[in-house]
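Read the structure below first, then the notes.
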Amino acid sequence: MIETLSILVHIFVITIFCYPPKYLLTLFSDDSKINIIEHLEIGIILNIFLLLILSFFFRQESNFIFYILLIIFLVNLFFFIKDLIDSIKLRKYLINPELLLLFFLVFVFAVDLSNNLRLGWDAQNYWLMKKLVFSDGGSIFDLKNAPMPEYPHLGSFIWFIYSKISILNYEYFGRIFYIYLFLVSIFSVSRIIKIHFFEFLLLTLSIIFLIYKINLFNGYQEIISFSLLIILINNFYRLYNFRSSNYEISKKNILIIITMSILIWIKNESTVLILICLLSFLMSRQFKINFKILSILFISVLLISKYFLFDYLELPHNIQTGPYDNLKIENFSEIISIKRFLLITKYLIFGFFEIIVYFLSIVLLVIMLKYNKINKFNIFLLHSFIFSIIFLYSAYLLFPYPLHLILNISLNRLMFQTSGFFIITIPLFYNFFLKKHVHKKKINIK
Amino acid sequence: MFMILYKIKKNNYIKIIILLIGAFIILKQIGFFKKFYFLFTRSYEVRMEKNYKYCGQESIGFLKTIKNKYNIDYKIPIINFSDSPNSSWYYNNLKNKDTNKVIFLNYFMKNSVNSRTPLNNKNFNYKSNSNFSYYLKDYKILYQSLNCYLLEKK
Numbered sequence: 018m019i020e021t022l023s024i025l026v027h028i029f030v031i032t033i034f035c036y037p038p039k040y041l042l043t044l045f046s047d048d049s050k051i052n053i054i055e056h057l058e059i060g061i062i063l064n065i066f067l068l069l070i071l072s073f074f075f076r077q078e079s080n081f082i083f084y085i086l087l088i089i090f091l092v093n094l095f096f097f098i099k100d101l102i103d104s105i106k107l108r109k110y111l112i113n114p115e116l117l118l119l120f121f122l123v124f125v126f127a128v129d130l131s132n133n134l135r136l137g138w139d140a141q142n143y144w145l146m147k148k149l150v151f152s153d154g155g156s157i158f159d160l161k162n163a164p165m166p167e168y169p170h171l172g173s174f175i176w177f178i179y180s181k182i183s184i185l186n187y188e189y190f191g192r193i194f195y196i197y198l199f200l201v202s203i204f205s206v207s208r209i210i211k212i213h214f215f216e217f218l219l220l221t222l223s224i225i226f227l228i229y230k231i232n233l234f235n236g237y238q239e240i241i242s243f244s245l246l247i248i249l250i251n252n253f254y255r256l257y258n259f260r261s262s263n264y265e266i267s268k269k270n271i272l273i274i275i276t277m278s279i280l281i282w283i284k285n286e287s288t289v290l291i292l293i294c295l296l297s298f299l300m301s302r303q304f305k306i307n308f309k310i311l312s313i314l315f316i317s318v319l320l321i322s323k324y325f326l327f328d329y330l331e332l333p334h335n336i337q338t339g340p341y342d343n344l345k346i347e348n349f350s351e352i353i354s355i356k357r358f359l360l361i362t363k364y365l366i367f368g369f370f371e372i373i374v375y376f377l378s379i380v381l382l383v384i385m386l387k388y389n390k391i392n393k394f395n396i397f398l399l400h401s402f403i404f405s406i407i408f409l410y411s412a413y414l415l416f417p418y419p420l421h422l423i424l425n426i427s428l429n430r431l432m433f434q435t436s437g438f439f440i441i442t443i444p445l446f447y448n449f450f451l452k453k454h455v456h457k458k459k460i461n462i463k
Numbered sequence: 024m025f026m027i028l029y030k031i032k033k034n035n036y037i038k039i040i041i042l043l044i045g046a047f048i049i050l051k052q053i054g055f056f057k058k059f060y061f062l063f064t065r066s067y068e069v070r071m072e073k074n075y076k077y078c079g080q081e082s083i084g085f086l087k088t089i090k091n092k093y094n095i096d097y098k099i100p101i102i103n104f105s106d107s108p109n110s111s112w113y114y115n116n117l118k119n120k121d122t123n124k125v126i127f128l129n130y131f132m133k134n135s136v137n138s139r140t141p142l143n144n145k146n147f148n149y150k151s152n153s154n155f156s157y158y159l160k161d162y163k164i165l166y167q168s169l170n171c172y173l174l175e176k177k
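Here the protein sequences come in this chain order: A and B. In this text, residue positions in the first sequence follow the working numbering: the first is 18, and each later residue adds one. In this text, residue positions in the second sequence follow the working numbering: the first is 24, and each later residue adds one.
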């Protein structure tokens, strides 16, 4: 009973942390009217960004970061209650139905998680170890002694903070935040189009249950980069559909930069994901050259700052200790072969059918491109797909050891992360289908 | 809550019925009702043991038993002979102390306790774990359950 109540309280606490005051949202959104899902979407990004900054100040002897978190919690709580009272005064819903649905799903998945506590292999060996550095009172400077010091720490730090501030301090309470992030990202991608609540409900539930399996929350960090990538692509979509051609002034740019800066501190592969985004964006003709140069500069600053921070923390810079260290140009002729290429292709095809949402998204993207060749955002997605495939092939072709085992272990996880680019095609296709259908109906009536 | 229901009711009964049936199917599929029941009836420690096995894989059940049985408040080195991760994280909140005790998890012997024949743990890398003897004859067995041992150096 206590554990169930603790889960409910924990979900409420996470919601409050991700519910910044409305006036703050105006800095990140071009629309004056922001729905609850976009509110939480911006809130969760700001919350993770705040945790990234606070992680650098975490010390055993000081409660500084917990005081900061407490102040933020109280401020957010005040505005949450104020909004609730306003909504009652306006005779709207007592609780927004979308928020209620989110609460319900987080609770259902948290109950599932509470019965499937087993962490994955990498999670036990690397990510949990980083979390334990903080749990034992170590600071960010102690990460160099943890296994795989070249992996970034943000996901483990979030895990630590949210299990620390829970009532029962159980490890899995930290992972409830991962569930929350996943669900907010799916809700936000479904809300990218304007549809009725019932349609939104069906669309959201369909996407969630196409993706959901409890193993996604076994401590691996892929779910975080996947969810953040969905939010990042949502904001790219909003940027592409910005009312003015003066894209530099869109407030979504700030959110895009913040999301990217979080992503590079989740996993090393995430750096490649944002480079894929950047390349696809640069290939788009919609934007002026100045804006593109500015984007390159911003992303370079992000990557360089990460490099210097790693240097300062005495952490290694390599992507992954081990296999790629032995990579030499003279061995290229041996490792890049048709046989290995075909093997990767075989596993990629298996992967497409394993991660059904990836397959579905690409099919829908192709259909939309067939009917609407000039849609710039669809072309952006197509470029992202091409670059993702190139990334997957190069990652494995350059792996200097036999491929069977590594493809078995990691390809699905890597593909799952990149599928975050394309989930948006599902609501976009629904919208496209509706428009086409309604348009046809109108013609028939005439 | 009532206001939401009121609003939905006005819109369409069929939608609510479809929704409820859909929700029920999904909850049934992920075993929500059973898991919700276990959340009430099984403690966190019991669920941990169910997930990580008593003696097998990470063997958290065994680690919990010896921690409680011997009132252990310090870290004991753990050697897991299976291909599961080392579960020393379970004792992470205990203090560091020099000890002559060691825990063997999922340890399979070829023949008898006194055997000197090659050991039979296929997935274990004997070279990278050379701080301890792998022969039970070098230890006093303090507690054993299946293939998990709490040992003390002789």
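The C-beta atom is built at its ideal place from N, Cα and C for all residues, glycine as well.
Exercise. Look up E175 (chain B) in the DSSP assignment and give the residues it is bridged to.
Key: As a first step, residue 175 (chain B) is located in the second sequence; it is residue number 152 there, counting from the start. B:K124 and B:K163.
Self-check item: E188 (chain B) vs K124 (chain B) beta-carbon contact at 8 Å
Solution: Outside the displayed span of chain B (24 to 177) sits residue 188 (chain B), for which this structure offers no information.
Quiz item: In chain order, what residues of the same chain lie with their CB nearer than 8 Å to the CB of V383 (chain A), ignoring the 5 residues before and after it?
Solution: Taking the first residue of the first sequence as position 1, residue 383 (chain A) is located at position 366. Answer for V383 (chain A): no residue qualifies.
Quiz prompt | DSSP-derived helix/strand/coil call for K98 (chain B) | solution = Translated into the one-based positions of the second sequence, residue 98 (chain B) becomes position 75. Residue state, collapsed to three classes: coil.
Quiz prompt | C-alpha distance - F90 (chain A) paired with Y84 (chain A), whole-angstrom precision | solution = Numbered from 1 along the first sequence, position 73 holds the residue referred to as residue 90 (chain A). Numbered from 1 along the first sequence, position 67 holds the residue referred to as residue 84 (chain A). Each residue's Cα considered, the two are about 10 Å apart.
Exercise. Could you tell me whether the Cβ atoms of I361 (chain A) and L424 (chain A) are closer together than 8 Å?
Key: The residue you call residue 361 (chain A) lines up with position 344 of the first sequence. The residue you call residue 424 (chain A) lines up with position 407 of the first sequence. Their beta carbons are under 8 Å apart, which means I361 (chain A) touches L424 (chain A) by this criterion.
Exercise. Output yes if chain A places a C-beta closer than 8 Å to the C-beta of I49 (chain B); else output no.
Key: The residue you call residue 49 (chain B) lines up with position 26 of the second sequence. By this cut-off, I49 (chain B) is an interface position.
Self-check item: Whether L445 (chain A) touches I273 (chain A) by CB criterion (8 Å)
Solution: Working through the first sequence from its first residue, we reach residue 445 (chain A) at position 428. Working through the first sequence from its first residue, we reach residue 273 (chain A) at position 256. No, they are not a contact pair.
Practice problem: Evaluate the contact criterion for the stretch 355-374 of chain A versus the stretch 237-257 of chain A: three or more CB pairs, one atom per stretch, below 8 Å. | Solution: no
Quiz item: For F151 (chain A) versus F75 (chain A), is the C-beta distance shorter than 8 Å?
Solution: Taking the first sequence and counting its residues from 1, the one referred to as residue 151 (chain A) is at position 134. Taking the first sequence and counting its residues from 1, the one referred to as residue 75 (chain A) is at position 58. Yes. Within cutoff.
Quiz item: So what does DSSP say about K118 (chain B), is it helix, strand or coil?
Solution: The residue given as residue 118 (chain B) occupies position 95 in the second sequence. In this structure, K118 (chain B) counts as strand in the three-state DSSP scheme.
Exercise. Take I28 (chain A) and list the residues in its own chain whose beta-carbon comes closer than 8 Å to its own, dropping the five residues that flank it on each side.
Key: Locating residue 28 (chain A) in the first sequence gives position 11, where the first residue counts as 1. Excluding positions up to five away in sequence, the list reads F120, V123, F124, A127, I193 and Y197.
Quiz item: Between T435 (chain A) and S411 (chain A), which are expected to be in contact by the criterion C-beta below 8 Å, what is the C-beta distance as a whole number of angstroms?
Solution: Taking the first sequence and counting its residues from 1, one reaches residue 435 (chain A) at position 418. Taking the first sequence and counting its residues from 1, one reaches residue 411 (chain A) at position 394. About 13 Å; that fails the 8 Å criterion.
Exercise. Compare the C-beta of G159 (chain A) with all C-beta atoms of chain B and state if any pair is closer than 8 Å.
Key: The residue you call residue 159 (chain A) lines up with position 142 of the first sequence. It should be pointed out that residue 159 (chain A) corresponds to Asp in this sequence rather than to Gly. So no, D159 (chain A) is outside the interface.
Practice problem: Measure from the C-beta of K453 (chain A) to each C-beta in chain B and report whether the shortest distance is under 8 Å. | Solution: Here the question's residue 453 (chain A) lines up with position 436 in the first sequence. Not an interface residue.
Exercise. Go ahead and pull the three-state DSSP assignment for S301 (chain A).
Key: As a position in the first sequence, residue 301 (chain A) is number 284, starting the count at 1. Here S301 (chain A) sits in coil by DSSP.
Self-check item: Counted within 10 angstroms of its Cβ, other Cβ atoms place T221 (chain A) as buried (16 or more) or exposed
Solution: For the purposes of this step, residue 221 (chain A) is taken as the residue at position 204 of the first sequence. It is buried - the Cβ of T221 (chain A) has at least 16 other Cβ atoms within 10 Å.
Self-check item: Reference L116 (chain A), options A:M385, A:S322 and A:I31, closest by Cα
Solution: As a first step, residue 116 (chain A) must be located in the first sequence, where it is residue number 99. L116 (chain A) has its Cα closest to that of A:I31, out of A:M385, A:S322 and A:I31.
Quiz item: Excluding five sequence neighbours on each side, which residues of the same chain lie with their C-beta closer than 8 Å to the C-beta of I271 (chain A)?
Solution: One-based indexing of the first sequence puts residue 271 (chain A) at position 254. L44 and F45, listed in sequence order.
Quiz item: Any idea which residues DSSP pairs N103 (chain B) with across the strands?
Solution: Walking along the second sequence from the start, residue 103 (chain B) turns up at place 80. Looking at the DSSP assignment, N103 (chain B) forms a beta bridge with B:L128.
Practice problem: Spell out the partners DSSP gives S168 (chain B) in its beta bridges. | Solution: Within the second sequence, residue 168 (chain B) is the residue found at index 145, counting from 1. B:C171.
Exercise. Go through its chain and collect everything with a Cβ distance to I293 (chain A)'s Cβ below 7 Å, but skip five positions before and after it.
Key: By 1-based counting over the first sequence, the position of residue 293 (chain A) is 276. Correct list, in chain order: S401, F404, S405 and F408.
Exercise. Compare the beta carbon distance of W138 (chain A) and Q238 (chain A) with 8 Å and say whether it is the shorter of the two.
Key: Counted from its first residue, the first sequence places residue 138 (chain A) at position 121. Counted from its first residue, the first sequence places residue 238 (chain A) at position 221. Against a cut-off of 8 Å, the Cβ pair of Q238 (chain A) and W138 (chain A) comes out as no contact.
Self-check item: Proximal residues of chain B, C-beta to C-beta of Y187 (chain A) below 7 Å
Solution: Counted from its first residue, the first sequence places residue 187 (chain A) at position 170. Going along chain B in sequence order, the residues near Y187 (chain A) (Cβ under 7 Å) are Y67.
Practice problem: Enumerate in chain order the residues of its own chain whose CB-to-CB distance from K120 (chain B) is below 8 Å, with the five nearest sequence positions on each side excluded. | Solution: Position 97 of the second sequence, counting from 1, holds the residue named residue 120 (chain B). Y97 and K98, listed in sequence order.
Exercise. Please report how far the alpha carbon of I112 (chain A) lies from the alpha carbon of F367 (chain A), in whole angstroms.
Key: Counted from its first residue, the first sequence places residue 112 (chain A) at position 95. Counted from its first residue, the first sequence places residue 367 (chain A) at position 350. Using only the alpha carbons, I get a separation of about 43 Å.
Quiz item: Who are the neighbours of W138 (chain A) on chain B, taking C-beta pairs under 7 Å?
Solution: As a working note, residue 138 (chain A) is residue 121 in the first sequence. Those are P108, listed as they occur along chain B.
Quiz item: How should D48 (chain A) be labelled, buried or exposed, when 16 other C-beta atoms within 10 angstroms of its C-beta is the threshold for buried?
Solution: Counting from one through the first sequence, the residue named residue 48 (chain A) turns up at place 31. Exposed.
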